[in-house]
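Accompanying notes for the structure given below.
Residue numbers (this note's numbering): 17 to 171.
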């Protein structure tokens with residue numbers, strides 16, 4: 017029952033930031049500015065919901081905890097390669113520029129984990145590591161990097 021009430025609060029907060037009703041016919045400009053919402057995921061404890069929101073060609077990670085309005089947490093880096101919750105406070109993001117980064121669930125870049133290639137599809141282990149796919153030049157590999165950013169990815 018708590019999860020249902022929390023989901024309702026999150027959805028209501030989402031509606032509050034949605035666009036106002038349209039009073040004019042749909043134009044090509046309106047379509048170009050339209051957005052989409054995809055890939056919802058609960059935080060590990062179920063206290064927050066994150067999703068990817070795309071508007072005007074830019075994708076951002078948005079988090080809502082049910083107690084306030086949704087927050088864009090990837091404003092510094094955008095999102096281009098998926099995301100994975102680390103804890104209720106941290107999220108690993110495949111950034112728009114190809115880096116793998118850790119952002120705070122309230123917003124803001126915490127750490128850069130990779131700088132080389134295009135990282136995507138992160139998966140966080142309980143051992144404090146992130147496995148991900150990385151494209152470099154004409155090759156695609158799987159790599160692992162520590163969550164604290166202390167070492168370069170190992171393929």
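Note that the Cβ used here is the ideal one computed from N, Cα and C, for glycine as well. Source: prediction; values computed, not measured.
Legend entry - Continuous beta strand (DSSP E) stretch holding residue 69: start and end: 65 to 71
Legend entry - Own chain partners of residue 101 with C-beta closer than 6 Å, once the 5 adjacent residues on each side are dropped: Excluding residues within five positions, the ones whose Cβ falls inside 6 Å are 59, 60, 107.
Legend entry - Of the residues 62, 78, 64, the one placed nearest residue 54, counting alpha carbons only: 78
Legend entry - Burial state of residue 144, where buried means 16 or more other Cβ atoms lie within 10 Å: exposed
Inset, instruction - Ignoring anything shorter than 3 residues or poking outside the region 98 to 169, list the beta strand (DSSP E) runs there in chain order. - result: 99 to 101, 106 to 110, 116 to 120, 125 to 128, 134 to 140, 145 to 152, 155 to 162
Inset, instruction - Could you tell me whether the Cβ atoms of residue 129 and residue 116 are closer together than 8 Å? - result: yes
Legend entry - Proximity test, residue 87 beta-carbon vs the ligand SAH heavy atom, cut-off 7 Å: Ligands displayed in this structure: none; no statement on the ligand SAH is therefore possible.
Legend entry - Distance, residue 134 Cα to residue 153 Cα: Computed Cα separation, rounded: 9 Å.
Inset, instruction - Return the residue from the list 164, 94, 150 that minimises the CA-CA distance to residue 74. - result: 94
Inset, instruction - Quick one: measure Cβ to Cβ for residue 110 and residue 89, integer angstroms, because I've assumed they're closer than 8 Å. - result: About 14 Å separates the two Cβ atoms, so there is no contact after all.
Legend entry - Short Cβ contact (8 Å threshold) for residue 162 with residue 148: no
Inset, instruction - Taking residue 68 as the reference, give the member of 83, 132, 112 with the closest Cα. - result: 112
Inset, instruction - Express the C-alpha separation of residue 142 and residue 86 in angstroms, rounding to a whole number. - result: One C-alpha to the other measures close to 27 Å.
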